[in-house]
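Using my numbering, you'd call the opening residue of the sequence shown number 84 and step up by one each time. Glycine included, C-beta positions come from ideal geometry on N, C-alpha and C.
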Amino acid sequence: MDSIFSVCGSYFNLDVKGFLLFAAVFLLSADYIKNRRPGSFPPGPPALPIVGHIFTVDYSRVHMSLTQLAGRYGDVYSLRMGQRWIVVLNGITVLKEALVSQGDSMADRPDLPLQQDKAHGLGVIFSNGNIWKQQRRFALSTLRHFGIGKKSLESVILDEFTYCAKDFNSHKGKPFDPNLIINNVVSNIICSLVFGHRFEYGDEKFLKLMKWLDDALELEVSVWVQLYNSFPVLMRRLPGPHRTVQHIWKNLKDFIGVELKEHKENWDPSDQKDYIDCYLNEIQTSKGQADNTFDEENLVFCVMDLFLAGSETTTTTLRWAFLYMVKHPEIQAKVQAEIDRVIGQSRLPSMEDRANMPYTDAVIHEVQRMANIVPLSLPHITSKDIQLGGYTIPKGVTIIPNLTSVLFDKNEWKTPDTFNPGHFLNQEGKFVKRAAFIPFSAGKRLCLGENLAKMELFLFFTSFMQRFTFSMPAGVKPVMDFRFSVTLAPLPYEVCVTSR
């Protein structure tokens, strides 16, 4: 009897092993057949079965890895993240052709599972179709109404600078980390437009909000989120940092929900003071329309998007600006000399001054180029088959515009890896626009906060240079390395600020 069980056990073990071997071969073969590149599809490095290139990307320097691959596979190449193909675009010619000339075919965002679980296709940054068109149009017109691109917003920005200047002066030239204060300063501008009020520096609730945002942006580009977007059915059931991202976005929704509740309690349709007031009015006036996309849930996600678009990038750019000024004190001195000549010390800057300050304008642009704040822009997706760079890219393929490849292209910039304001000056010292300067991306999905960012950067940077001189603590050299997230932020640093 024992021998019979032994023989049956042996057969059973062989059958299990055989089944597992067959299953493995079947899955690998099916994966290869399903995901092999067609002949007309952009080339790229060999992919691992099932996971593709998820584990071959350096998540601490993704933009640099993707730029290096362009040298091997060309300006249009492909990668596979799990079961999803992406095409990476490099160089100004390809990006302009894709995002501008064929912009209608890739104006949409991909339906990434984590984004869908978070926002359900709502908001203004990752929404598509009619929702995106209505929300973007409303956001742009409302923000213009409240001063973006107008003289009225200048006073809001300059008033915020005066609060910041007091804080800077309180350090009395001793080293301090400017990160939190600059984050608060810049965020208060979009808060004034959206919420109708600013937050005091040191407000614990607001500091917590900014910490959440910082953590979320870093986690959004981690391998965990790539796994989530590639294998959502599995990852929704597993613990990990992707759960932290979801928790953070919930906290942000709750924060905005409190602001919304207060607005609803005090709302007066005849006195609309900010974006939320205007949106609440739009909800009322749009009721019953067949294509209406305005409701309170969408309002929450639009506010979240505006807050991100209107704070993170400008904050990070200013932090880089301080670093470049301490690294290049001779450039800082030239900026200050131009400010003294054009504006003097008796008044604050105005946007009208920019036309007479080509060197300062060039320095700001060079900071944006070198800082490379959003190195891979945000993803697009093809809405139909397109021809690009001699290849066929089918409908439904995710597109990554590699802005790094343009901002550091040796064919476009004289010294691409060196901080050089001369990139934006002609021989007469006048400011010149450069086609390869696209830190806000291009086409229909051009950054929603571009005009606000330009205003803030000029007024804040010029005000800081007018009132203060920046330097490193004694014996400390500036570290120009970065932390990779959705944005490229400098590593934490301390700086000394002295009044001029």
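Name the two residues that bound the continuous alpha helix (DSSP H) containing Ile-482. It is not in any alpha helix (DSSP H) - Ile-482 instead sits in the beta strand (DSSP E) that spans 481 to 484.
Buried or exposed for Asn-135, going by 16 or more other Cβ atoms inside 10 Å? Rather than Asn, the amino acid found at residue 135 in this sequence is Gly. By the neighbour-count rule (16 or more Cβ atoms within 10 Å), Gly-135 is buried.
Could you give the distance in angstroms between the alpha-carbon of Gly-212 and the alpha-carbon of Arg-424? If I take the Cα positions, the gap works out to 50 Å.
Per-residue burial, Gly-427 [other beta carbons within 10 Å of its own, 16 or more giving buried]: exposed
Within 10 angstroms of the Cβ of Thr-498, are there 16 or more other Cβ atoms? Answer buried if so, exposed if not. Label assigned to Thr-498: exposed.
Where Asp-71 falls, given that 16 or more other Cβ within 10 Å makes a residue buried: The structure shown has nothing for residue 71, since the chain only spans 84 to 583.
Tell me the DSSP secondary structure of Met-164 in three-state form. Met-164 carries a strand assignment under DSSP once its states are collapsed to helix, strand and coil.
Closest by CA to Leu-490, which one among Glu-413, His-228, Arg-402, Asn-173? Asn-173
Backbone CA spacing between Phe-109 and Phe-138 [nearest angstrom]: Per-residue confidence for Phe-109 stands at a pLDDT of 47, beneath the threshold of 50, marking its modelled position as unreliable; the derived number appears in the next sentence. Cα-Cα distance, rounded: 22 Å.
Could you tell me how far apart the beta carbons of Pro-441 and Gly-512 are, in whole angstroms, since I believe they sit closer than 8 Å? That pair is a contact at about 6 Å.
Around the Cβ of Thr-570, are there at least 16 other Cβ atoms within 10 angstroms (buried) or fewer (exposed)? buried
Phe-244 beta carbon less than 7 Å from that of Ser-546: Yes, Cβ-Cβ distance for Ser-546 and Phe-244 is below 7 Å.
Along the chain, where does the alpha helix (DSSP H) containing Ser-582 start, and where does it finish? Not the alpha helix (DSSP H): Ser-582 falls in the beta strand (DSSP E), residues 579 to 582.
Here's a check: name, in chain order, each residue in its chain whose Cβ is nearer than 8 Å to the Cβ of Ser-188, leaving out the five neighbours to either side. Thr-465, Ser-466, Lys-467, Ile-469
Quick check on Gly-393: does DSSP put it in helix, strand or coil? Assignment of Gly-393 by DSSP, reduced to helix, strand and coil, places it in the helix class.
Which listed residue (Val-383, Phe-502, Arg-437) has its alpha carbon closest to that of Ile-414: Comparing Cα-Cα distances from Ile-414 to each of Val-383, Phe-502, Arg-437, the minimum goes to Phe-502.
On the premise that Ile-208 lies in contact with Ile-483, defined as a C-beta separation below 8 Å, what is that separation, rounded to the nearest angstrom? About 16 Å separates the two Cβ atoms, so there is no contact after all.
Per DSSP, which one or two residues make a beta bridge with Asp-191? Ile-464
Taking buried to mean at least 16 other C-beta atoms within 10 Å of its own C-beta, is Lys-347 buried or exposed? exposed
Does DSSP put Ile-521 in a helix, in a strand, or in coil? coil
If you measure from the CB of Val-383, is any heavy atom of the ligand MG nearer than 6 Å? No copy of the ligand MG appears in this structure; indeed no ligand is present at all.
Do Thr-399 and Ile-339 count as a contact pair if the criterion is CB distance below 7 Å? no
For Ala-454, which three-state DSSP category applies? helix
Starting from Thr-552 and walking both ways along the beta strand (DSSP E), at which residues does that stretch end? 551 to 554
Excluding the five sequence neighbours on either side, which residues of its own chain have a C-beta within less than 7 Å of the C-beta of Val-446, listed in chain order? Ile-414, Val-418, Pro-504
Going straight from the alpha carbon of Asp-191 to that of Ser-253, what length do you get? 47 Å
Could you tell me the distance, in whole angstroms, from the CA atom of Pro-575 to the CA atom of Asn-266? 13 Å
Mapping the DSSP letters down to three states, classify Val-170 as helix, strand or coil. strand
For Lys-537, which option in Thr-397, Ser-224, Gly-206, Ile-521 has the closest C-alpha, if you only look at C-alpha atoms? Thr-397
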